[in-house]
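**Q** Mind having a look at this structure? Questions to follow.
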Amino acid sequence: MTRPPSIVRRLTASLAWVGGLGALLLLIVIGIEYRISFSNLSNHEAFTRAIHELSEHVLLPMAVLILPMALAGRWAIKSGVRPLIDAAAQIDARAGETRGVRVDTTGFPIEARPFADAINRVLGRVDGAAALHEAFAADIAHELRTPLTLLSLELDRLDHPDAGRMRGDVARMRRLIDQLMLLAQIDADHAAQIAPAPVDLSDVAGDVIAQLAPIALDRGLRLALEADAPVMVTGRREAIGAALRNLIENALRASPEGGCVTVRTSAGGLLAVRDEGPGLSAEQLSLLKQRHRRADHASRDGAGLGLEIVERIMRAHGGSLESSAPARELRLQFPPAALSG
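Plus 18 on top of the position in the sequence shown (first one is 1) and you've got our numbering.
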């Protein structure tokens, strides 16, 4: 395997060559200065005295200075490329962000700034293209909602054996459109850096449970809430509610009839959904986060966007979607920075 090029190694090798050539030139200059020639050194005593002079006044001082100079040169080279290493680390730390990432050129050496500025311009164009794509998706989704609403009204008046199935198809299409609009809103809000507001996770959980209770009862399931005190975070209430709704809907599909789906909140910014299904391992959850992936219990009529949306919402809040297979829980963990005092 070819070893990748290294600026530090190249500059160190260059300095070594410069130092070696400098030492050779120094010896030549000293030879000329002392007018030492091969004819002058024909006498063994004169040759020995010349070697002693060179060793004591030239070679020994050079040997003493080589190590400190090499260390100082390597330190100077690494200091010169340190801004590049720091910039790479900063970009890696923002790996979860899809928009607004730029190379901070503060402290950059002048020679490296054109390269960093070119990267920033490319990132700016990518952000612009992503914004246009998100706006187009949101516009299409918005335009489709009106005809679907009219179609639902027409189907309500239709007396036909297939009317119920068609109404279900339209309802699923509307849910997909709502998910697409939510994704566009999440990305737009995050890109615009809209300031989040204080949100009580317990209050959000109560509202979502109230909305989904009729669906749970229709399936012969129960919904329960375990929340002793308000759990405050900073975020976007509508987005957090949408994430929780997706998790509860998945839990309702995974739980057997007569089971119970429990939503709990706890200090430290935790919002969890526990069901009576088999549970998900971390590896299974990582696979299901990918768009269009479904669990065995998932609806075959869906678009496979549920956990993708939850993951995007949590990334926008700086948090994470986690799984605990032994507890049969999916957890929304908000970071300490998102906690509201």
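Each residue gets a CB set at the ideal place from its N, CA and C atoms; glycine is no exception.
Name the two residues that bound the continuous beta strand (DSSP E) containing ASP218.
**A** On the sequence shown, position 200 is the one that residue 218 refers to. ASP218 -> beta strand (DSSP E) spans 215-218.
**Q** Using beta-carbon positions only, say whether GLY276 and VAL249 come within less than 9 angstroms of one another.
**A** For the purposes of this step, residue 276 is identified with residue 258 of the sequence shown, where counting begins at 1. For the purposes of this step, residue 249 is identified with residue 231 of the sequence shown, where counting begins at 1. Not a contact, by the Cβ cut-off of 9 angstroms.
**Q** Using only the alpha-carbon positions, how far apart do ARG271 and ILE227 sit?
**A** Numbered from its first residue, the sequence shown carries residue 271 at position 253. Numbered from its first residue, the sequence shown carries residue 227 at position 209. C-alpha separation (whole angstroms): 15 angstroms.
**Q** Return helix, strand or coil for ALA345, following the three-state DSSP convention.
**A** Position 327 of the sequence shown, counting from 1, holds the residue named residue 345. Here ALA345 sits in coil by DSSP.
**Q** Please state whether the Cβ-Cβ distance between LEU306 and ARG263 is less than 9 angstroms.
**A** For this step, residue 306 is matched to residue 288 along the sequence shown. For this step, residue 263 is matched to residue 245 along the sequence shown. The answer is no: Cβ separation not under 9 angstroms.
**Q** Check whether the stretch 336-350 touches the stretch 294-304, counting contact only when three or more Cβ pairs, one atom from each stretch, lie closer than 8 angstroms.
**A** yes
**Q** Residues in the same chain with beta-carbon distance under 6 angstroms from MET184, minus the five sequence neighbours each way, listed in chain order, please.
**A** If you number the sequence shown from 1, residue 184 lands on position 166. Around MET184: LEU173.
**Q** Tell me which residues share the same chain as LEU141 and place their Cβ nearer than 7 angstroms to its Cβ, disregarding the 5 neighbours each side in the sequence.
**A** Here residue 141 refers to the residue found at position 123 when the sequence shown is read from its first residue. Same-chain partners within the cutoff: VAL119, ARG120.
**Q** Quick one: using the 10 Å Cβ neighbour count with 16 as the cut-off for buried, is GLU161 buried or exposed?
**A** Residue numbering aside, residue 161 sits at position 143 when the sequence shown is read from its first letter. Classification of GLU161: exposed, given that the 10 Å Cβ count is below 16.
**Q** Kindly identify the DSSP beta-bridge partner or partners of THR252.
**A** Stepping through the sequence shown from its first residue, residue 252 is reached at position 234. DSSP output for THR252 lists PRO216 as bridge partner(s).
**Q** Helix, strand or coil for GLU294, going by three-state DSSP, please let me know.
**A** The residue labelled residue 294 in the question sits at position 276 within the sequence shown. Looking at GLU294 - three-state DSSP - the assignment turns out to be coil, as it is neither helix nor strand.
**Q** Could you give the first and the last residue of the continuous beta strand (DSSP E) run that contains SER273?
**A** Numbered from its first residue, the sequence shown carries residue 273 at position 255. Note, SER273: premise wrong, no beta strand (DSSP E); not H, not E.
**Q** Might you give, ordered along the chain, the residues of its own chain that have their beta carbon closer than 8 angstroms to the beta carbon of ARG240, omitting 5 neighbours on each side?
**A** Counting from 1 along the sequence shown, the entry for residue 240 is found at position 222. Closer than 8 angstroms at Cβ, skipping near neighbours: ALA234, GLY277, CYS278, VAL279.
**Q** Tell me, please, which residues DSSP counts as bridged to LYS284.
**A** To locate residue 284, count along the sequence shown from 1; it is residue 266. Note on residue identity: the sequence assigns Ser, not Lys, to residue 284. Answer is LEU288, bridged to SER284.
**Q** Give me the Cα-Cα distance between GLY38 and ALA88, rounded to the nearest whole angstrom.
**A** As a working note, residue 38 is residue 20 in the sequence shown. As a working note, residue 88 is residue 70 in the sequence shown. One C-alpha to the other measures close to 12 angstroms.
**Q** Report yes if the C-beta distance between ALA261 and LEU169 is below 9 angstroms; otherwise report no.
**A** Taking the sequence shown and counting its residues from 1, the one referred to as residue 261 is at position 243. Taking the sequence shown and counting its residues from 1, the one referred to as residue 169 is at position 151. Contact flag unset, no.
**Q** By how many angstroms is the C-alpha of ALA245 removed from the C-alpha of SER220?
**A** Your numbering for residue 220 matches position 202 in the sequence shown. Your numbering for residue 245 matches position 227 in the sequence shown. Cα to Cα, SER220 sits roughly 6 angstroms from ALA245.
**Q** Specify the secondary structure class of LEU239 as computed by DSSP and reduced to three states.
**A** Reading the sequence shown from its first residue, position 221 is the one you call residue 239. LEU239 falls in the coil class under three-state DSSP.
**Q** Is VAL279 helix, strand or coil by DSSP?
**A** The residue labelled residue 279 in the question sits at position 261 within the sequence shown. Strand at VAL279.
**Q** My output table needs one value for LEU169: the three-state DSSP class, helix, strand or coil.
**A** The residue you call residue 169 lines up with position 151 of the sequence shown. Reduced to three states, the DSSP call for LEU169 is helix.
**Q** Can you list, in chain order, the residues of its chain whose CB lies under 8 angstroms from that of ARG237, leaving out five sequence neighbours each side?
**A** Translated into the one-based positions of the sequence shown, residue 237 becomes position 219. The answer, listed in chain order, is LEU270, GLU275.
**Q** Distance check for VAL99 and ASN138, CA to CA, integer angstroms please.
**A** In the sequence shown, residue 138 corresponds to position 120, counting from 1. In the sequence shown, residue 99 corresponds to position 81, counting from 1. Rounded to the nearest angstrom, the two C-alpha atoms are 19 angstroms apart.
**Q** Tell me where the alpha helix (DSSP H) around ALA245 begins and ends.
**A** In the sequence shown, counting from the first residue as 1, residue 245 sits at position 227. For ALA245, there is no enclosing alpha helix (DSSP H), as DSSP marks it with neither H nor E.
**Q** Can you tell me the Cα-Cα spacing of ARG163 and PRO179, whole angstroms?
**A** Numbered from 1 along the sequence shown, position 145 holds the residue referred to as residue 163. Numbered from 1 along the sequence shown, position 161 holds the residue referred to as residue 179. Each residue's alpha carbon lies about 25 angstroms from the other.
**Q** Taking the alpha helix (DSSP H) that ILE331 belongs to, which residues open and close that run?
**A** For the purposes of this step, residue 331 is taken as residue 313 along the sequence shown, with counting starting at 1. Here the alpha helix (DSSP H) through ILE331 covers 324-334.
**Q** Please classify GLU63 as buried or exposed, where buried requires at least 16 neighbouring CB atoms within 10 angstroms.
**A** As a first step, residue 63 is located in the sequence shown; it is residue number 45 there, counting from the start. Per the 10 Å Cβ criterion, exposed.
**Q** Go ahead and label GLY295 buried or exposed: buried means 16 or more other beta carbons lie within 10 angstroms of its beta carbon, across all protein chains shown.
**A** Against the sequence shown, residue 295 aligns to sequence position 277. So GLY295 ends up on the buried side.
**Q** Among SER273, LEU102, PRO79, which residue has its Cα nearest to the Cα of LEU298?
**A** Residue mapping note: residue 298 aligns to position 280 of the sequence shown, counting from 1. Checked all of SER273, LEU102, PRO79; the closest Cα to LEU298 is SER273.
**Q** In whole angstroms, give me the CA-to-CA distance for ASP145 and ALA153.
**A** Translated into the one-based positions of the sequence shown, residue 145 becomes position 127. Translated into the one-based positions of the sequence shown, residue 153 becomes position 135. Across the structure, ASP145 and ALA153 are spaced so that their CA atoms are roughly 12 angstroms apart.
**Q** Just to check my reading of the structure: LEU265 and VAL328 have Cβ atoms closer than 8 angstroms, yes? What is that Cβ distance to the nearest angstrom?
**A** As a first step, residue 265 must be located in the sequence shown, where it is residue number 247. As a first step, residue 328 must be located in the sequence shown, where it is residue number 310. Contact holds; Cβ gap of about 6 angstroms.
**Q** Measure the CB-CB distance between ALA257 and ARG349 and report whether it falls below 9 angstroms.
**A** Reading the sequence shown from its first residue, position 239 is the one you call residue 257. Reading the sequence shown from its first residue, position 331 is the one you call residue 349. No, the pair does not count as a contact, with Cβ atoms beyond the cut-off.
**Q** Classify SER304 as helix, strand or coil using the three-state DSSP reduction.
**A** Numbered from its first residue, the sequence shown carries residue 304 at position 286. The DSSP-derived three-state label of SER304 is helix.
**Q** Rounded to whole angstroms, what is the Cα-Cα separation between ARG27 and LEU102?
**A** Counting from 1 along the sequence shown, the entry for residue 27 is found at position 9. Counting from 1 along the sequence shown, the entry for residue 102 is found at position 84. One C-alpha to the other measures close to 16 angstroms.
**Q** If I measure Cβ to Cβ from GLY91 and keep anything under 6 angstroms in the same chain, skipping five residues before and after, which residues do I get?
**A** Here residue 91 corresponds to residue number 73 of the sequence shown, with the count starting at 1. The residues are LEU33.
**Q** Comparing C-alpha positions only, which one of VAL222, ILE158, GLY224 sits nearest to GLN197?
**A** Locating residue 197 in the sequence shown gives position 179, counting from the first residue. Ranking the options by Cα distance to GLN197, first place goes to ILE158.
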